[in-house]
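Undergrad: I'd like to ask you about the structure that follows.
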Amino acid sequence: MKTITFITSDNDIIETQANFGSLMELAVKNKVKGIDGDCGGVCSCATCHVHVNQEFWNAVGGPSELESDMLEFDDNVSDYSRLSCQLKVSQVPDGLILKVAK
Amino acid sequence: MKKSKIDDPFKEARETKGFGTMNDQNDPVTMILGHKDVRKCAHNWKTFQSGGDEIGRIVVPSEVHIRDTRQIPFEVDPPQHKSYRDLVEPWFKRPLEEAYQEKLTDIINIIVDEALTKGSMEVVSEFALKLQSRALTLLLNIPFEESELWISWGTHVFRSEDTALDGDKANVLYDYIDAQIDKAIANPGDDLYSKLLASEIDGKTLTKEEVKGVLILTFAGGRDTVINAITNTIAYFADNPQALQQLRDQPEHLNSAIEELLRYYSPLTQMGRVVAEDTQVCEHAVKAQSRISMCWASANRDERVFENPNEVVLDRKVNPHVAFGFGTHNCLGATHARQILRILLNTLTQKVGCMQITAAKENIEDLDEFNRKVGFDSLQVAFHKL
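Just so you know, the protein sequences line up as chains E and U, in that order. Under full-length UniProt numbering, the first sequence is numbered contiguously, ending at residue 102. Under full-length UniProt numbering, the second sequence is numbered contiguously, ending at residue 386.
In structure tokens form, the structure reads like this:
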């Protein structure tokens, strides 16, 4: 079981736990404000944009080319931007902290 | 050839120059065809405007001659756009609520059961139009019976047999909405009209004209698009019975299947913008006050983004389609539309063994340089129980 923490734009801290699935699904299940996940995780809506906490960036890794294209036109994009639908719980480090991008 | 197939008429132009041109009522449109260019233009609202002085001009075909009410929030640019969008967004997210989904499931169950009992049905008018109209009562939060009137209007509100834009028919809708607004003023309830009439933006109550603008968009934006999405979905599963079985066996692919059908069928071909300043797209000069369009249907077949773009791959995982548009003005009704498709697919897999198309009349859009099939004028289908 991994612990993953989301920080919303209102600075609400939501600590979640999961073994599998995507981080978008996890956020939606835990009603994290600002993460809609409209397209269900196929990288078409960009409503699950997060900023990865800097210290975890290398462990999480950067976006794929298609994901990066989606992010290119998104507001509030940073060097640590990812779409949480493209991040799998199984592939991210325990204790990960993410900030919701809107 | 399978009846459900939709070709990509834009391929050559997209690959050679990146744009096409069409004459729309003597107001030409430069059609942007590539995925990245389409998204770039959609993102750049300062140069490619939605909120110009001429109301209805960004729609292709243009509605300048049949409409003088500004559609909201669609024909408003930032920063004002945000106030309107923030106001209506929670209402249009209601399809995520369980109670809404239960009612939508009832509506869809009744129509699918009727198709199975009758054995054969004309899907555009008897299935898709009914489903769209009945589902719209949920989105507006008004009594179900109201849908009878909209169904009686037929599939086209703006279009008659001989013309793409019919002012008299459009007036039927506008007069109807005016009357409903007056009714809501006299007797407020918990419907969308009343909710908007009771709302404020920047300390000012919404005017009747603003309320009308939101409602026209709600009626017009979700009519032929939803009808096409439903009809094309039925056609696809009629042509590909193994795909229905695949979803029965692997329901975890339901979501990616919906997004893929949206990509492939792209129910809305394009949407326009007015150019605010002299600029260029795809190394092609476009003058201030001319029009461009973002061709979602072409972008969704861009082989630089989608592998095997002309095939329906139901479990396509990464699918950055633009069937609901992109950026600031992305489709407000997308949550409702997705929920309709989700429940429709669920119901079909639970109840329908197979379907066959017995007659079809294609709906082909004439876009000058291009002809694009967007769906069907009529589609006769035989339905068989599971």
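For glycine and all other residues, C-beta sits at the position ideal for the given N, C-alpha and C. These numbers come from a predicted model, not from an experiment.
Does any residue of chain E have a CB that is nearer than 7 Å to the CB of U/V76?
TA: On the second sequence, residue 76 of chain U is found 76 positions in, with the first residue counted as 1. Chain E contact via Cβ: absent.
Undergrad: Let me know the alpha helix (DSSP H) ranges lying completely inside the segment 26-96 of chain E, each 4 residues or longer, listed in chain order.
TA: Here the runs fully enclosed are 57-60 and 65-72.
Undergrad: Who does E/T5 pair with in a DSSP beta bridge?
TA: Taking the first sequence and counting its residues from 1, the one referred to as residue 5 of chain E is at position 5. Looking at the DSSP assignment, E/T5 forms a beta bridge with E/E15 and E/I97.
Undergrad: Which word fits U/T358, buried or exposed, when buried means at least 16 other C-beta atoms lie within 10 angstroms of its C-beta?
TA: Here the question's residue 358 of chain U lines up with position 358 in the second sequence. U/T358 should be labelled exposed.
Undergrad: According to DSSP, which residues form a beta bridge with U/V274?
TA: Sequence index remark: in the second sequence, residue 274 of chain U carries index 274 (1-based). Answer by DSSP bridge pairing, in chain order: U/Q49 and U/R291.
Undergrad: Suppose contacts are defined by Cβ-Cβ distances below 7 Å. Is U/F324 in contact with U/L116 by that definition?
TA: Sequence index remark: in the second sequence, residue 324 of chain U carries index 324 (1-based). Sequence index remark: in the second sequence, residue 116 of chain U carries index 116 (1-based). No, Cβ-Cβ distance for U/F324 and U/L116 is not below 7 Å.
Undergrad: Are the CB atoms of U/C282 and U/G18 within a distance shorter than 7 Å?
TA: Within the second sequence, residue 18 of chain U is the residue found at index 18, counting from 1. Within the second sequence, residue 282 of chain U is the residue found at index 282, counting from 1. Yes, these two residues count as a Cβ contact at 7 Å.
Undergrad: Please work out which residues of its chain come closer than 7 Å, Cβ to Cβ, to U/D37, disregarding the five sequence neighbours upstream and downstream, and give them in chain order.
TA: Stepping through the second sequence from its first residue, residue 37 of chain U is reached at position 37. Cβ neighbours of U/D37 beyond the five flanking positions: G18, V281 and C282.
Undergrad: Report buried or exposed for U/L386, applying the criterion of at least 16 other Cβ atoms within 10 angstroms of its Cβ.
TA: Counting from one through the second sequence, the residue named residue 386 of chain U turns up at place 386. Flag for U/L386 reads exposed.
Undergrad: According to DSSP, is U/Q25 part of a helix, a strand, or is it coil?
TA: Numbered from its first residue, the second sequence carries residue 25 of chain U at position 25. Of the three classes helix, strand and coil, the one that applies to U/Q25 here is coil, per DSSP.
Undergrad: Could you please tell me which residues of the segment 7-24 of chain U, in chain order, have their CB closer than 8 Å to any CB of chain E?
TA: Of all residues in the segment 7-24 of chain U, none has a Cβ within less than 8 Å of some Cβ in chain E.
Undergrad: Would you kindly work out how many angstroms separate the C-alpha atoms of U/Q101 and U/E75, rounded to a whole number?
TA: By one-based count along the second sequence, residue 101 of chain U stands at place 101. By one-based count along the second sequence, residue 75 of chain U stands at place 75. Taking the straight line joining both Cα atoms gives about 30 Å.
Undergrad: What residues match up with U/L367 in a beta bridge as DSSP calls it?
TA: For the purposes of this step, residue 367 of chain U is identified with residue 367 of the second sequence, where counting begins at 1. Partner(s): U/F370.
Undergrad: For the segment 43-55 of chain E, which residues have a CB atom closer than 7 Å to at least one CB atom of chain U, in sequence order?
TA: Hits within the stretch, in order: C43 and S44.
Undergrad: When DSSP builds the beta bridges, which residues end up paired with U/E252?
TA: Taking the first residue of the second sequence as position 1, residue 252 of chain U is located at position 252. Paired residues: none, contrary to the question.
Undergrad: Under a three-way DSSP split, which group does U/E200 fall into?
TA: Here residue 200 of chain U refers to the residue found at position 200 when the second sequence is read from its first residue. The answer is strand: DSSP assigns U/E200 an E or B state.
Undergrad: Once the 5 residues before and after U/T347 are set aside, which same chain residues still bring their CB inside 8 Å of it?
TA: The sequence position of residue 347 of chain U within the second sequence is 347, counting from 1. Excluding residues within five positions, the ones whose Cβ falls inside 8 Å are T105, I108, N109 and V112.
Undergrad: Would you check if the segment 60-79 of chain U and the segment 208-225 of chain U touch, i.e. whether three or more CB-CB distances between them fall below 8 Å?
TA: These segments touch.
Undergrad: Could you confirm whether any beta carbon from chain U is found closer than 7 Å to the beta carbon of E/L66?
TA: Counted from its first residue, the first sequence places residue 66 of chain E at position 66. E/L66 counts as touching chain U.
Undergrad: Report the residues of the segment 308-322 of chain U with a CB closer than 8 Å to any CB of chain E, ordered along the chain.
TA: Answer in chain order: R316, K317, V318, N319, P320, H321 and V322.
Undergrad: Any idea if U/L344 is buried or exposed, counting beta-carbon neighbours within 10 angstroms, 16 or more meaning buried?
TA: Position 344 of the second sequence holds residue 344 of chain U. That one is buried.
Undergrad: From the beta carbon of residue 162 of chain E, is the nearest beta carbon of chain U less than 7 Å away?
TA: Because chain E is modelled from 1 through 102, residue 162 of chain E falls outside the range shown and cannot be assessed.
Undergrad: May I have the straight-line CA-CA distance separating U/D168 from U/D175, to the nearest angstrom?
TA: As a first step, residue 168 of chain U must be located in the second sequence, where it is residue number 168. As a first step, residue 175 of chain U must be located in the second sequence, where it is residue number 175. Using only the alpha carbons, I get a separation of about 11 Å.
Undergrad: Could you tell me which uninterrupted alpha helix (DSSP H) segments, each at least 4 residues in length, are contained entirely in the segment 49-92 of chain U, listed from first to last along the chain?
TA: Correct list: 80-92.
Undergrad: Can the beta-carbon of U/L140 be found closer than 7 Å to that of U/D191?
TA: For the purposes of this step, residue 140 of chain U is taken as residue 140 along the second sequence, with counting starting at 1. For the purposes of this step, residue 191 of chain U is taken as residue 191 along the second sequence, with counting starting at 1. Cβ distance < 7 Å, so U/L140 and U/D191 count as in contact.
Undergrad: Spatial neighbours of U/V313 within its chain, please: CB distance less than 7 Å, with the 5 preceding and 5 following residues excluded, ordered by chain position.
TA: Numbered from 1 along the second sequence, position 313 holds the residue referred to as residue 313 of chain U. The residues are E260.
Undergrad: Per the DSSP calculation, U/E146 is bridged to which residue(s)?
TA: Here residue 146 of chain U is taken as the residue at index 146 of the second sequence, counted from 1. Paired residues: none, contrary to the question.
Undergrad: Just how far apart, CA to CA, sit U/S266 and E/E65?
TA: Taking the first residue of the second sequence as position 1, residue 266 of chain U is located at position 266. Taking the first residue of the first sequence as position 1, residue 65 of chain E is located at position 65. Approximately 23 Å between the Cα atoms of the pair.
Undergrad: How about E/G61: is its C-beta nearer than 7 Å to some C-beta of chain U?
TA: Here residue 61 of chain E refers to the residue found at position 61 when the first sequence is read from its first residue. Not an interface residue.
Undergrad: When you check each C-beta in the segment 334-355 of chain U against every C-beta of chain C, which residues fall closer than 8 Å?
TA: The structure shown contains no chain C; its protein chains are E and U.
Undergrad: On the three-state DSSP scale, how would you describe U/S298?
TA: Position 298 of the second sequence, counting from 1, holds the residue named residue 298 of chain U. Three-state DSSP puts U/S298 in a helix.
Undergrad: DSSP on U/A323, reduced to helix/strand/coil?
TA: In the second sequence, the residue the question calls residue 323 of chain U occupies position 323. DSSP places U/A323 in coil when its eight states are reduced to three.
Undergrad: Using the C-alpha atoms, what's the distance from E/K2 back to U/C295?
TA: Within the second sequence, numbered from 1, the residue matching residue 295 of chain U stands at position 295. Within the first sequence, numbered from 1, the residue matching residue 2 of chain E stands at position 2. Distance between the alpha carbons of U/C295 and E/K2: 43 Å.
Undergrad: Rounded C-beta distance between E/K102 and E/G34? I'm assuming under 8 Å.
TA: Translated into positions along the first sequence, residue 102 of chain E becomes position 102. Translated into positions along the first sequence, residue 34 of chain E becomes position 34. Their Cβ separation, rounded to whole angstroms, is 5 Å, which keeps E/K102 and E/G34 in contact under 8 Å.
Undergrad: Would you call the segment 295-311 of chain U in contact with the segment 48-67 of chain U, where contact means no fewer than 3 C-beta pairs closer than 8 Å?
TA: No, because fewer than three Cβ pairs between the segment 295-311 of chain U and the segment 48-67 of chain U fall closer than 8 Å, the two stretches do not touch.
Undergrad: Under 7 Å, Cβ to Cβ, is there at least one residue of chain U near E/M24?
TA: By 1-based counting over the first sequence, the position of residue 24 of chain E is 24. Answer no: the Cβ-Cβ gap between E/M24 and chain U never drops below 7 Å.
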